[in-house]
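Student: Encoded as structure tokens, here's the structure I'll be asking about.
Numbering (full-length UniProt numbering), first residue to last: 1 to 362.
Rendered as structure tokens:
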């Protein structure tokens with residue numbers, strides 16, 4: 001089925017940082033001085049020994065358990081693909097199309113956001129409101145760390161079943177989809193994010209223009225096509241390989257497991273900047289344990305520490321060790337700015353029977 005594109009590509013988008021601590025391409029990072037890795041580990045041990053409690057970024061107000069209930073639901077792909085891309089402004093990064101977030105935010109303020117997450121984010125001057133809005137309107141920088149790692153470690157997605165957990169813009173899942181994954185599922189806390197950002201991004205990348213992947217310089221916007229196509233066809237079966245979900249992790253898991261649609265556990269789970277709040281560690285751990293295939297792998301990208309909420313890679317690593325279900329390995333450390341890490345996780349039984357070092361899933 002062919003469809004008419006009705007979006008524009010903004011070639012003059014300004015990439016200046018704004019008051020929400022965005023870097024180029026709306027990548028968000030707290031402006032704090034880097035502390036040593038060893039000190040981070042010591043801090044994590046101290047906090048973990050006391051409680052895995054409160055305290056993502058510097059402008060966030062911590063909240064313990066006063067979160068509103070967010071039921072899970074599946075989002076169907078509309079038949080009219082024109083409608084999904086209508087009035088959308090597209091940009092490119094790492095050879096991927098993605099929606100200009102600022103335009104989406106303005107449209108949401110005009111009434112397309114049934115959850116009201118944009119107005120609430122603006123009024124509270126926060127990119128995260130625990131239990132209300134969990135950051136899916138931003139593309140956080142660790143996403144691109146993980147995309148770079150896929151290329152460096154030669155991670156293969158061919159014929160794999162993949163979950164992009166806490167997907168936001170869905171770029172990780174789109175990379176897997178274009179890497180010939182058999183199935184890719186996308187999950188975000190907010191339904192507005194799925195409908196207004198994730199779905200349009202996936203559709204925009206499922207066009208018959210060949211494989212645009214390959215760029216490893218994730219921070220630079222690649223040049224858009226000189227002429228946008230008047231017509232573009234879906235790549236064979238790509239969209240039919242996708243499912244989209246919103247809601248809390250603890251609610252999405254039973255929805256998947258009880259669905260009358262065929263479901264198999266995931267060979268690969270991808271997640272970026274989802275461990276900022278220690279209050280979520282238990283739900284995240286249980287979700288991974290219930291949905292990951294016994295020989296599967298989790299690839300998780302995170303900052304070493306999230307100021308204002310208290311989470312971070314070493315605190316989460318200690319939490320996982322205490323649960324004694326997964327083995328973990330820090331496979332990459334990025335020292336630019338606030339230190340960031342890529343973690344690989346596998347079930348202990350599976351990791352004990354495999355070779356050490358980063359896994360190439362083939």
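Glycine included, every Cβ here is placed at the ideal spot set by N, Cα and C.
1. Using CA atoms only, rank isn't needed, just tell me which of 318, 105, 331 is closest to residue 344.
2. So which of 113, 183, 297, 244 has the shortest CA-CA distance to residue 158?
3. Mind checking residue 260: buried by the 16 CB within 10 Å criterion, or exposed?
4. CA-CA distance, residue 342 and residue 288?
5. When the distance is taken between beta carbons, is residue 127 closer than 7 Å to residue 138?
6. Does DSSP put residue 132 in a helix, a strand or coil?
7. Could I get the ranges of all uninterrupted beta strand (DSSP E) runs contained in the stretch 175-208, with 3 residues as the minimum, in chain order?
8. Suppose you measure from the CA of residue 364 to the CA of residue 329; what does that come to, to the nearest Å?
9. Any chance the stretch 192-208 sits against the stretch 71-90, with 3 or more Cβ pairs inside 8 Å?
10. I want to know whether the stretch 309-326 touches the stretch 169-176 - three or more CB-CB distances under 8 Å.
11. Rounded to whole angstroms, what's the CA-CA distance from residue 110 to residue 131? Just pull it up for me.
12. Using 8 Å as the threshold, is the stretch 269-276 in touch with the stretch 96-113, meaning 3 or more CB pairs across them?
13. Measure the alpha-carbon distance for residue 191 versus residue 145 and round it to whole angstroms.
14. Where does residue 311 sit, in a helix, a strand or coil, going by DSSP?
15. For residue 347, which beta-bridge partners are listed by DSSP?
16. Sorted by chain position, which residues of the same chain lie with C-beta nearer than 8 Å to residue 147's C-beta, five sequence neighbours on each side aside?
17. Cα-Cα, which of 251, 281, 101 is closest to residue 187?
18. Would you please state the rounded distance, in angstroms, between the beta carbons of residue 263 and residue 194? I believe it to be under 8 Å.
19. Measure the alpha-carbon distance for residue 350 versus residue 129 and round it to whole angstroms.
20. Using only the alpha-carbon positions, how far apart do residue 305 and residue 80 sit?
21. Just tell me which of 73, 197, 71 has its CA closest to the CA of residue 103.
22. Are residue 134 and residue 189 close, meaning C-beta to C-beta below 7 Å?
23. Only counting runs of 4 or more residues, tell me where the alpha helix (DSSP H) segments fall wholly within the stretch 270-309, in order along the chain.
24. Let me know if residue 321 comes out buried or exposed under the rule of 16 or more other beta-carbons within 10 Å of its beta-carbon.
25. For the putative contact between residue 73 and residue 246, defined by C-beta atoms under 8 Å, what is the C-beta separation to the nearest angstrom?
26. Hey, out of 155, 239, 348, 152, whose CA is closest to residue 293's CA?
27. Between which two residues does the alpha helix (DSSP H) harbouring residue 252 extend?
28. Alpha carbon to alpha carbon, how far is residue 254 from residue 286? Give it in angstroms, no decimals.
29. From residue 335 to residue 277, what distance separates their C-alpha atoms?
30. Quickly, what does DSSP pair residue 391 with across the bridge? List them, please.
31. For residue 331, name the three-state secondary structure that DSSP assigns.
32. Between residue 296 and residue 346, what straight-line distance do the alpha-carbon atoms span, to the nearest angstrom?
33. Taking DSSP's pairing of strands, which residues face residue 114 in a bridge?
Tutor: For this structure:
1. For this step, residue 344 is matched to residue 344 along the chain shown. That would be 331, whose Cα lies nearest to the Cα of residue 344.
2. Taking the first residue of the chain shown as position 1, residue 158 is located at position 158. The shortest C-alpha to C-alpha distance from residue 158 to any of 113, 183, 297, 244 is the one to 183.
3. The residue labelled residue 260 in the question sits at position 260 within the chain shown. Here residue 260 is exposed: its Cβ has fewer than 16 other Cβ atoms, across all protein chains shown, within 10 Å.
4. Your numbering for residue 342 matches position 342 in the chain shown. Your numbering for residue 288 matches position 288 in the chain shown. Approximately 16 Å, taken between the alpha carbons.
5. Taking the chain shown and counting its residues from 1, one reaches residue 138 at position 138. Taking the chain shown and counting its residues from 1, one reaches residue 127 at position 127. In contact: residue 138 and residue 127 (Cβ atoms closer than 7 Å).
6. Within the chain shown, the letter at position 132 stands for residue 132. Here residue 132 sits in coil by DSSP.
7. Correct list: 183-188.
8. Here the chain has residues from 1 to 362 only, and residue 364 is not among them.
9. Three or more Cβ pairs drawn from the stretch 192-208 and the stretch 71-90 lie within less than 8 Å of each other, which places the two stretches in contact.
10. Output reads no: the stretch 169-176 does not touch the stretch 309-326.
11. As a first step, residue 110 is located in the chain shown; it is residue number 110 there, counting from the start. As a first step, residue 131 is located in the chain shown; it is residue number 131 there, counting from the start. If you take the alpha carbons of residue 110 and residue 131, they lie about 23 Å apart.
12. Taking a contact to require three or more Cβ pairs closer than 8 Å, the stretch 269-276 and the stretch 96-113 do not qualify as touching.
13. By one-based count along the chain shown, residue 191 stands at place 191. By one-based count along the chain shown, residue 145 stands at place 145. Computed Cα separation, rounded: 26 Å.
14. Working through the chain shown from its first residue, we reach residue 311 at position 311. Coil, per DSSP.
15. The residue given as residue 347 occupies position 347 in the chain shown. Answer is 326, bridged to residue 347.
16. Here residue 147 refers to the residue found at position 147 when the chain shown is read from its first residue. Non-local C-beta neighbours of residue 147 in its own chain, meaning closer than 8 Å and more than five positions away in sequence, comprise 94, 171, 172, 175, 218, ordered along the chain.
17. Position 187 of the chain shown, counted from the start, is the residue given in the question as residue 187. A check of alpha carbon separations from residue 187 across 251, 281, 101 identifies 251 as the nearest.
18. Position 263 of the chain shown, counting from 1, holds the residue named residue 263. Position 194 of the chain shown, counting from 1, holds the residue named residue 194. Beta-carbon to beta-carbon, residue 263 and residue 194 are separated by about 18 Å, too far to satisfy the 8 Å threshold.
19. Taking the first residue of the chain shown as 1, we reach residue 350 at position 350. Taking the first residue of the chain shown as 1, we reach residue 129 at position 129. C-alpha separation (whole angstroms): 37 Å.
20. Start at 1 with the first residue of the chain shown, and residue 305 comes out as number 305. Start at 1 with the first residue of the chain shown, and residue 80 comes out as number 80. The straight-line gap separating the alpha-carbon atoms of residue 305 and residue 80 is approximately 43 Å.
21. The residue you call residue 103 lines up with position 103 of the chain shown. Ranking the options by Cα distance to residue 103, first place goes to 197.
22. Taking the chain shown and counting its residues from 1, the one referred to as residue 134 is at position 134. Taking the chain shown and counting its residues from 1, the one referred to as residue 189 is at position 189. Yes, these two residues count as a Cβ contact at 7 Å.
23. Unbroken alpha helix (DSSP H) runs of no fewer than 4 residues, entirely contained in the stretch 270-309, are found at 281-291, following chain order.
24. Against the chain shown, residue 321 aligns to sequence position 321. Residue burial is scored here from C-beta neighbours: residue 321 has fewer than 16 other C-beta atoms within 10 angstroms and is therefore classed as exposed.
25. Reading the chain shown from its first residue, position 73 is the one you call residue 73. Reading the chain shown from its first residue, position 246 is the one you call residue 246. So it is a contact: roughly 6 Å between Cβ atoms.
26. Translated into the one-based positions of the chain shown, residue 293 becomes position 293. The shortest C-alpha separation from residue 293 is found at 348.
27. By 1-based counting over the chain shown, the position of residue 252 is 252. Here the alpha helix (DSSP H) through residue 252 covers 249-258.
28. In the chain shown, counting from the first residue as 1, residue 286 sits at position 286. In the chain shown, counting from the first residue as 1, residue 254 sits at position 254. Straight-line measurement puts the Cα of residue 254 at about 11 Å from the Cα of residue 286.
29. If you number the chain shown from 1, residue 335 lands on position 335. If you number the chain shown from 1, residue 277 lands on position 277. Taking the straight line joining both Cα atoms gives about 22 Å.
30. No answer is possible for residue 391: it lies beyond the span of the chain, which begins at 1 and ends at 362.
31. Counting from one through the chain shown, the residue named residue 331 turns up at place 331. The answer is strand: DSSP assigns residue 331 an E or B state.
32. On the chain shown, position 296 is the one that residue 296 refers to. On the chain shown, position 346 is the one that residue 346 refers to. Roughly 6 Å between the two C-alpha positions.
33. Mapped onto the chain shown, residue 114 falls at position 114. Per DSSP, none; premise fails for residue 114.
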